[in-house]
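Beneath this line is the structure, given in structure tokens, with notes to follow.
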Amino acid sequence: MVQRWVLARLRNHRFFSLAELNRAIAGLIADINQRPFKKLQGNRREWFERLDQPALRPLPAQRYEIATFVRCVVNIDYHVEVDHHYYSAPHSLVRQPVYARLTRFGVEILHGGKRVAAHARSHLRNKHTTLPEHMPVAHRAHLEWTPGRLLNWGASVGPGAEAIVRHLLTNRPHPEMGYRACLGLLALARKYGRERLEAACQRALVVGSPTRRSVLSILKSGLDRQASLPIELTEWQSPEHENVRGPDYYH
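Okay, so the sequence shown: first residue is 24 according to this note's numbering, each after it adds one.
Right, here's the structure in full:
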């Protein structure tokens with residue numbers, strides 16, 4: 024009823040800004056609040072001051088934030104995906120269902136009705152936001168590794184391992200992108216031993232595939248125990264054939 028009354032009063036007016044329209048509506052609202060009720064004593068303003076106003080409480084110090092909730096499952100890498108970004112959760116919750124509470128500036132992860140993680144919201148697609156305390160102990164140790172330390176470790180294994188570590192760190196936009204593969208070489212050294220790892224790295228370099236996956240494949244198949252591949256250093260020469268014109272033809 025109030026909406027129809029306001030629209031009727033303003034139907035012949037033109038407004039050129041939202042602020043101008045709001046001022047006009049505010050004047051009409053003050054007017055309608057003073058109009059006497061038809062079947063009750065008093066008016067809206069009087070009833071508000073007598074019944075509602077005494078029960079009002081102060082407004083919160085912070086404005087209310089609209090939030091949405093998304094059901095997620097913590098992946099094996101202890102992250103949940105929200106709008107194509109990955110946020111960490113405690114690693115003990117791997118494969119557990121959780122809820123992500125999304126606001127304009129934050130992401131909270133809830134489990135069992137309790138908040139277990141809080142992050143600043145990011146709109147970078149396919150990137151990770153990770154808190155160190157969410158990592159397993161083994162993953163936290165990885166944070167201590169630097170490119171220099173990885174290269175020194177590779178050199179301690181042998182020239183082949185050092186060359187592959189250097190390739191993994193320098194052939195990507197950022198050295199950090201090669202950390203996972205380099206740390207994978209460390210795991211291979213623990214499993215197969217440094218001698219076999221060095222032999223596999225040298226073989227991977229010879230075949231032109233200096234990657235952790237190639238080194239692992241060589242170790243699994245036992246190719247590192249075979250004789251080294253021969254490397255042809257001689258210059259290629261054209262075979263003699265009647266259809267091959269030879270260099271003298273172009274003089």
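Cβ atoms here follow ideal geometry from the backbone N, Cα and C, with glycine treated the same way. Remember, it's a predicted structure, so these values are computed and weren't measured experimentally.
| said: To the nearest angstrom, how far is the alpha carbon of Gly201 from that of Leu191? | reply: 5 Å
| request: Name the residue from Ser240, Leu220, Asn149 whose alpha carbon lies nearest to the alpha carbon of His108. | output: Asn149
| Backbone secondary structure at Lys150 - three-state DSSP | coil
| request: Alpha carbon to alpha carbon, how far is Leu44 from Gln85? Give it in angstroms, no decimals. | output: 28 Å
| request: Identify every residue that forms a DSSP beta bridge with Val93. | output: Ala123
| query | Mapping DSSP to helix, strand and coil, what is Leu239? | reply | helix
| message | Is the beta carbon of Leu173 closer than 8 Å to that of Leu211? | response | no
| query | Looking only at its own chain, which residues have a Cβ that is under 6 Å from the Cβ of Ser145, when we skip the five neighbours before and after it? | reply | His108, Thr152
| task | Spatial neighbours of Leu116 within its chain, please: CB distance less than 8 Å, with the 5 preceding and 5 following residues excluded, ordered by chain position. | result | Val97, Tyr101, His134, Val139
| field | Neighbourhood of Arg219 by C-beta, 8 Å cutoff - its chain only, sequence neighbours within 5 removed | value | Leu242, Asp247, Arg248
| query | Excluding the five sequence neighbours on either side, which residues of its own chain have a C-beta within less than 7 Å of the C-beta of Arg68, listed in chain order? | reply | Asn56, Gln57
| query | Among the residues of its own chain, which have a CB less than 6 Å from the CB of Pro233, if the five just before and after it don't count? | reply | Ile187, His190, Ala227
| In terms of DSSP beta bridges, what is Pro59 paired with? | Asn66
| query | Is it buried or exposed for Tyr110, if we count other Cβ within 10 angstroms and need 16 for buried? | reply | buried
| said: According to DSSP, Asp133 sits in a beta bridge with which residue or residues? | reply: Checking the sequence shown, residue 133 turns out to be Leu, not Asp. Paired residue(s): Tyr122, Arg138.
| query | Can you tell me where the alpha helix (DSSP H) with Val229 in it begins and where it stops? | reply | 217–229
| How would you call His157, buried or exposed, if buried means at least 16 neighbouring beta carbons within 10 angstroms? | buried
| query | Cβ atoms of Leu208 and Val238: under 8 Å apart, would you say? | reply | yes
| query | By a C-beta neighbour count over all protein chains shown, 10 Å radius and 16 as the cutoff for buried, is Ala18 buried or exposed? | reply | Because the chain spans 24 through 274 in this model, residue 18 falls outside it and cannot be assessed.
| query | Based on the DSSP secondary-structure assignment, which residues constitute the bridge partners of Ala143? | reply | Gly129
| Segments of 3+ residues assigned as beta strand (DSSP E) that fall wholly inside the region 180–209 | none
| Closest to Val93 by CA distance: which of Asn66, Leu125, Phe71 is it? | Leu125
| query | To which residues of the same chain is Asn194 closer than 8 Å at the C-beta, ignoring the five residues directly before and after it? | reply | Gly201
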